[in-house]
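Participant: Protein chains in written order, with our numbering: chain A, 1 to 839; chain B, 1001 to 1240.
Beta carbons: idealized from backbone N, C-alpha and C, even for Gly.
Since we're looking at a predicted model, the values are computed, not measured.
Spelled out as structure tokens, the structure:
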């Protein structure tokens, strides 16, 4: 080990450019991975730490279809140390010409149980909120706090009057931060806060009203949910509420954050993969240059094990150095970015150090390096000193890979795969990137093999350019691969995004109703239709009866005991919207199995979403037991439907054959088919005439979706650009590796009479071919990946985006040429005499 | 030298000095598919002899040298170097044999450019964990007249100086056998003369068995024996 240490230190005296670039690549990639993983960790720990504040209590009970009974309220009060009872509804807020969909929250004097409600005007902080928001005998305008973004959207100042959900309100103050945000609304609909009594008017109390009732409680000391919930269920077995805890309350936020983390981790790992390949290539190129030195050491008695130790130490030093600095930089960046990012998140994000995350990123980078560094080290350690003898001096005596090299590499990859902090589906996606990298690398090697012959049929400059690629095929392939993977990902993202946007613009905006309505009362059907049809001769209204109910059991199995995959669990969870039809209207769906409806069956029948039915193991003929307004209703499942959820038609997972209970109070929901320009006037007219109805302008929804897509695509494109950027050091390493050879060739050619123009042309030819080798396969692979994602994951039609692909390809090729321009100029300027002197 | 070679850093010792330095018995070397480089060579070189091996390019001289140095495995026959049968030794055992018992001088010097003259010279001793490697290397460099060039890197030395460093490296561990592959092939006549004298003088002082591959016929009278390779077979030219 002592000899290895001595020789290792002396090897460090040599040229280290390649290693420094490899270390740079590793540094960038590890920075990205550490940043992503540590942000995710901080987010998760923030959610845990702030869980009670975000939820508003230790436990939150929600009822959508009825009020809490006095007995229920009393039981919860007796079995908790504190309790807050609030009401939440949705509606349209209107001020003058401006309108905005909002959440309106009615609070009691206990709100918030945890955390604070910071307001713009500090003087009111010491006054109970309910005192400020108190109405006198239900008179209007009722005082309200509004969120800062609503003030901006509706141009409201303190004291201004506006209406929300049909109630006249006056702005008393502005909410800086909502302590208990609705985690389902990622973008965060603006909030209006009023006294609970304001939401206890007739329109909010009737069955079917768009209001949810919440009781948040603080559990007594020593009591946990595990002990508390069974007591609650025993006392009220048919409560029908949805119970949330800090652990399960941020499901949507967690899901979105986890998806984002997984994608970014995937991109970072792809970058680490490229960096690992870069390290392997840099080491291979370095060892090739050190073949003679290795042979000498072996000649004078150094063993293969000694050689392995020396160069493993060297690779580890640079890779570990890059990875360590990268991991520290990633952690540092997290502490800077977390507070900035927190502003855009619905829940707080507090930066927190995680040693495990730090080590995980570091070890992933090192494992990836080891996987790619092992083969060249093993291979070059087998160099035979025979190469040193005079007659062997010019032979290419690079040892070939043997089965041991491949076994070690394979084992290292298996270890890396097992250690990766990703689900298996993401690992498969990473494997896809590996395959793309391998295809780019392999294609370049194949091209290099035929390039020499191909050159014979081309002008001299092209011949030299192709010869240069043929002679340096491995380095060229590494550079091409590093550059190509980023381009491929960028093209795949742009393709998918363009197809998604085209789908929204060309199909959904045309097919979907201009306005959606919620909360239509039976006697409002007629006046609503009059308003809609008055807009134009083509305007029409479609209304569908609507009730809420939850699944109690299917085929005798309780809903909570059904083993449902994550994508279908929502159907079984809490209240669902239900409708009934005689078969004349089934929305954007078609019967895929069974009969709608079966005349031979007496009684209530049900139709089920076919994907969910298959996921739950439901069969036609099974019974479906529903809990509707506290009543048990049983139906026979007679058919399954294939539902096109993306049609934006009014769709239901469950359809019933008739009104399940005679006299059941219900509302309607509906859609108005209007000219686009008539949507806003109709919306206002409806709000003025029928204020309890919530009209949703689908154009606004589509705009919001496209805006969200745009934001997501910026992030994704930035990630792809990062991939391209992180591949640049490897390209520079390729350039450096080839520079000496390029200069030597140029010198010889100049001595033999070649003009500068020919040298420049040869250089351009070499870089042009390298660029084409990277860009053409990457564009095709990217387009293929985009098509696969569009058609299989999003299940959308794919339209070719060749124009944008061509633009990216041309710009990328020019960028590559630009990178090589300095080297070409240097080769052309090289004075032959100076070069020969130095030789 | 009859004891088994170890693969650790323990220096191996030639226990018996009464065996020939080199003993080849029916040695053959064939490269696939059927290129016979060496055909049935028998050779015994007693200890302390200085032997020159001449022949045309491609006659098999270097291959024979490589077989003796354990760098090539013969296709047939037995090889004993310093009394040690080496046919069945693995690569690391052969490396240890070279480290402690065989010095090699090349035509192209093959110094490590990241190491100074002193470090290049000390390398074989450092690989063996020798406690006074640098001191011994200094002595050796002084012996070849490079006292003032010890801290220079190969790129800062002339061709002749580089070859003297290579000679110092070859002799630093006082090996009983020295193999030289056209050691003066890259030097001008005057420098060749100096280097050759130096090699033979140091070899004589240390009683080193020396086997030279050379194309230079003007120096052959300085050797005890001269052998010629012709188409893979060995022929005696001169024996003193």
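Taking 9 Å as the threshold (beta carbon to beta carbon), is residue 408 of chain A in contact with chain B?
Facilitator: If you number the first chain from 1, residue 408 of chain A lands on position 408. Not closer than 9 Å to any Cβ of chain B, the Cβ of residue 408 of chain A fails to qualify, so no.
Participant: So, does the CB of residue 1099 of chain B fall closer than 9 Å to a CB anywhere in chain A?
Facilitator: Translated into the one-based positions of the second chain, residue 1099 of chain B becomes position 99. Residue 1099 of chain B counts as touching chain A.
Participant: Name the two residues that bound the continuous alpha helix (DSSP H) containing residue 564 of chain A.
Facilitator: Taking the first residue of the first chain as 1, we reach residue 564 of chain A at position 564. If you look at residue 564 of chain A, you'll find it isn't in any alpha helix (DSSP H); DSSP assigns it neither H nor E.
Participant: Quick one: what does DSSP say residue 136 of chain A is sitting in, helix, strand or coil?
Facilitator: The count along the first chain starts at 1 and reaches residue 136 of chain A at position 136. Coil at residue 136 of chain A, not helix or strand.
Participant: Could you tell me if residue 11 of chain A is buried or exposed, where buried requires 16 or more neighbouring beta carbons within 10 angstroms of its beta carbon?
Facilitator: Here residue 11 of chain A refers to the residue found at position 11 when the first chain is read from its first residue. Residue 11 of chain A should be labelled buried.
Participant: According to DSSP, simplified to helix, strand and coil, what is residue 394 of chain A?
Facilitator: Along the first chain, one-based indexing puts residue 394 of chain A at 394. With a pLDDT of only 45 at residue 394 of chain A, under 50, the local geometry of the prediction cannot be trusted, and the value read off the model is given with reservation. Residue state, collapsed to three classes: coil.
Participant: Among residues of its own chain, excluding the 5 on either side of residue 513 of chain A, which ones have a beta-carbon nearer than 6 Å to its beta-carbon?
Facilitator: As a first step, residue 513 of chain A is located in the first chain; it is residue number 513 there, counting from the start. Cβ within range, chain order: 671, 672 and 673.
Participant: Flag residue 19 of chain A as yes if its beta-carbon sits less than 9 Å from any beta-carbon of chain B, otherwise no.
Facilitator: Against the first chain, residue 19 of chain A aligns to sequence position 19. So no, residue 19 of chain A is outside the interface.
Participant: By the 10 Å Cβ neighbour count, where 16 or more other Cβ atoms means buried, how is residue 1031 of chain B classified, buried or exposed?
Facilitator: Numbered from its first residue, the second chain carries residue 1031 of chain B at position 31. Residue 1031 of chain B is exposed by the Cβ-count criterion.
Participant: Any C-beta of chain A within less than 7 Å: which residues of the segment 1081-1095 of chain B qualify?
Facilitator: 1091, 1092 and 1095
Participant: Quick one: residues in its chain with C-beta nearer than 7 Å to the C-beta of residue 1140 of chain B, no 5 flanking neighbours on either side, listed in chain order?
Facilitator: The count along the second chain starts at 1 and reaches residue 1140 of chain B at position 140. 1121, 1168, 1171 and 1172, listed in sequence order.
Participant: Return the Cβ separation of residue 1116 of chain B and residue 1158 of chain B in integer angstroms, given the expectation that the two are a contact with Cβ distance under 8 Å.
Facilitator: Taking the second chain and counting its residues from 1, the one referred to as residue 1116 of chain B is at position 116. Taking the second chain and counting its residues from 1, the one referred to as residue 1158 of chain B is at position 158. Not really, about 15 Å apart at Cβ, beyond 8 Å.
Participant: For residue 639 of chain A and residue 589 of chain A, which I take to be in contact (beta-carbon distance under 8 Å), what is that distance rounded to the nearest angstrom?
Facilitator: As a first step, residue 639 of chain A must be located in the first chain, where it is residue number 639. As a first step, residue 589 of chain A must be located in the first chain, where it is residue number 589. 10 Å between Cβ atoms; not a contact.
Participant: Taking Cβ positions, are residue 25 of chain A and residue 274 of chain A nearer each other than 9 Å?
Facilitator: Here residue 25 of chain A refers to the residue found at position 25 of the first chain. Here residue 274 of chain A refers to the residue found at position 274 of the first chain. Taking 9 Å as the Cβ cut-off, residue 25 of chain A and residue 274 of chain A qualify as a contacting pair.
Participant: For the candidate residues B/1105, B/1137 and B/1023, whose alpha-carbon lies nearest to that of residue 1087 of chain B?
Facilitator: Position 87 of the second chain holds residue 1087 of chain B. Answer by Cα proximity: B/1023.
Participant: For residue 1030 of chain B, list the residues DSSP reports as bridge partners.
Facilitator: On the second chain, position 30 is the one that residue 1030 of chain B refers to. According to DSSP, which records beta bridges pairwise, residue 1030 of chain B is partnered with B/1036.
Participant: Quick one: is residue 765 of chain A near chain B, going by C-beta distance under 9 Å?
Facilitator: Taking the first residue of the first chain as 1, we reach residue 765 of chain A at position 765. It does not: the Cβ of residue 765 of chain A has no partner Cβ on chain B nearer than 9 Å.
Participant: With 9 Å as the threshold, decide whether the Cβ of residue 395 of chain A is near any Cβ in chain B.
Facilitator: Here residue 395 of chain A refers to the residue found at position 395 of the first chain. Low local confidence applies: a pLDDT of 46 at residue 395 of chain A is under 50, so the model's placement there is unreliable, with the coordinate-based value given in what follows. Any Cβ of chain B closer than 9 Å to the Cβ of residue 395 of chain A would place that residue at the interface, and such an atom is absent.
Participant: Going by C-alpha distance, which of A/522, A/312 and A/242 is nearest residue 552 of chain A?
Facilitator: Here residue 552 of chain A is taken as the residue at index 552 of the first chain, counted from 1. Among A/522, A/312 and A/242, the Cα nearest to that of residue 552 of chain A belongs to A/242.
Participant: With 9 Å set as the bound, which would you pick, yes or no: does the beta-carbon of residue 310 of chain A sit closer than that to a beta-carbon of chain B?
Facilitator: The residue labelled residue 310 of chain A in the question sits at position 310 within the first chain. Answer no: the Cβ-Cβ gap between residue 310 of chain A and chain B never drops below 9 Å.
Participant: What residue range does the alpha helix (DSSP H) around residue 1130 of chain B cover?
Facilitator: Numbered from 1 along the second chain, position 130 holds the residue referred to as residue 1130 of chain B. Premise fails: residue 1130 of chain B is in no alpha helix (DSSP H) and is neither H nor E.
Participant: For residue 461 of chain A, which residues in the same chain have their Cβ closer than 7 Å to its Cβ, ignoring the five residues on either side in sequence?
Facilitator: Start at 1 with the first residue of the first chain, and residue 461 of chain A comes out as number 461. For residue 461 of chain A, where only same-chain residues beyond five positions count, the Cβ hits under 7 Å are 758, 761, 762 and 765.
Participant: Checking the sheet assignment: what are the DSSP bridge partners for residue 668 of chain A?
Facilitator: Counted from its first residue, the first chain places residue 668 of chain A at position 668. Within the DSSP secondary-structure output, residue 668 of chain A pairs in a beta bridge with A/520 and A/545.
Participant: May I ask you to list, following chain order, the residues of the segment 1101-1118 of chain B that have a beta carbon less than 8 Å from some beta carbon of chain A?
Facilitator: 1104, 1106, 1107, 1108, 1110, 1111, 1112, 1113, 1114 and 1115
Participant: For chain A, find out if any of its Cβ atoms is closer than 9 Å to the Cβ of residue 1066 of chain B; answer yes or no.
Facilitator: Walking along the second chain from the start, residue 1066 of chain B turns up at place 66. Yes, contact with chain A.
Participant: Give the C-beta separation of residue 723 of chain A and residue 486 of chain A to the nearest angstrom, bearing in mind that I take them to be a contact with Cβ-Cβ under 8 Å.
Facilitator: The residue given as residue 723 of chain A occupies position 723 in the first chain. The residue given as residue 486 of chain A occupies position 486 in the first chain. Right, the Cβ-Cβ distance comes to about 4 Å (below 8 Å), so this counts as a contact.
Participant: Taking only three categories from DSSP, how would you classify residue 1080 of chain B?
Facilitator: Here residue 1080 of chain B is taken as the residue at index 80 of the second chain, counted from 1. Correct three-state label for residue 1080 of chain B: strand.
Participant: Between residue 1138 of chain B and residue 1148 of chain B, what straight-line distance do the alpha-carbon atoms span, to the nearest angstrom?
Facilitator: To locate residue 1138 of chain B, count along the second chain from 1; it is residue 138. To locate residue 1148 of chain B, count along the second chain from 1; it is residue 148. Their Cα atoms are separated by approximately 10 Å.
Participant: Within 9 Å of any Cβ in chain B, is that where the Cβ of residue 306 of chain A sits?
Facilitator: Numbered from its first residue, the first chain carries residue 306 of chain A at position 306. Interface criterion met: the Cβ of residue 306 of chain A is under 9 Å from a Cβ in chain B.
Participant: Taking only beta carbons into account, state which residues of the segment 1125-1153 of chain B come closer than 8 Å to chain C, listed in chain order.
Facilitator: Of the chains in the structure shown, none is chain C; the protein chains are A and B.
Participant: With burial defined as no fewer than 16 other Cβ atoms inside 10 Å of the residue's Cβ, what is the status of residue 111 of chain A: buried or exposed?
Facilitator: Within the first chain, numbered from 1, the residue matching residue 111 of chain A stands at position 111. Buried.
Participant: Are the beta-carbon atoms of residue 326 of chain A and residue 27 of chain A separated by less than 9 Å?
Facilitator: As a working mapping, residue 326 of chain A is identified with position 326 in the first chain. As a working mapping, residue 27 of chain A is identified with position 27 in the first chain. Cβ atoms of residue 326 of chain A and residue 27 of chain A: closer than 9 Å.
Participant: What does a CB cutoff of less than 7 Å around residue 1133 of chain B pick up in its chain, not counting 5 residues either side in sequence?
Facilitator: For this step, residue 1133 of chain B is matched to residue 133 along the second chain. Around residue 1133 of chain B: 1122, 1125 and 1126.
Participant: At a Cβ cut of 7 Å, what residues of the segment 762-793 of chain A count as close to chain B, listed as they run along the chain?
Facilitator: Sequence-ordered contacts of the segment 762-793 of chain A with chain B are nonexistent [C-beta pairs closer than 7 Å].
Participant: Which residues in chain B have a C-beta closer than 8 Å to the C-beta of residue 377 of chain A? List them in chain order.
Facilitator: For the purposes of this step, residue 377 of chain A is taken as residue 377 along the first chain, with counting starting at 1. In chain order: nothing, as chain B lies at least about 16 Å away.
Participant: According to DSSP, simplified to helix, strand and coil, what is residue 823 of chain A?
Facilitator: Numbered from its first residue, the first chain carries residue 823 of chain A at position 823. Helix.
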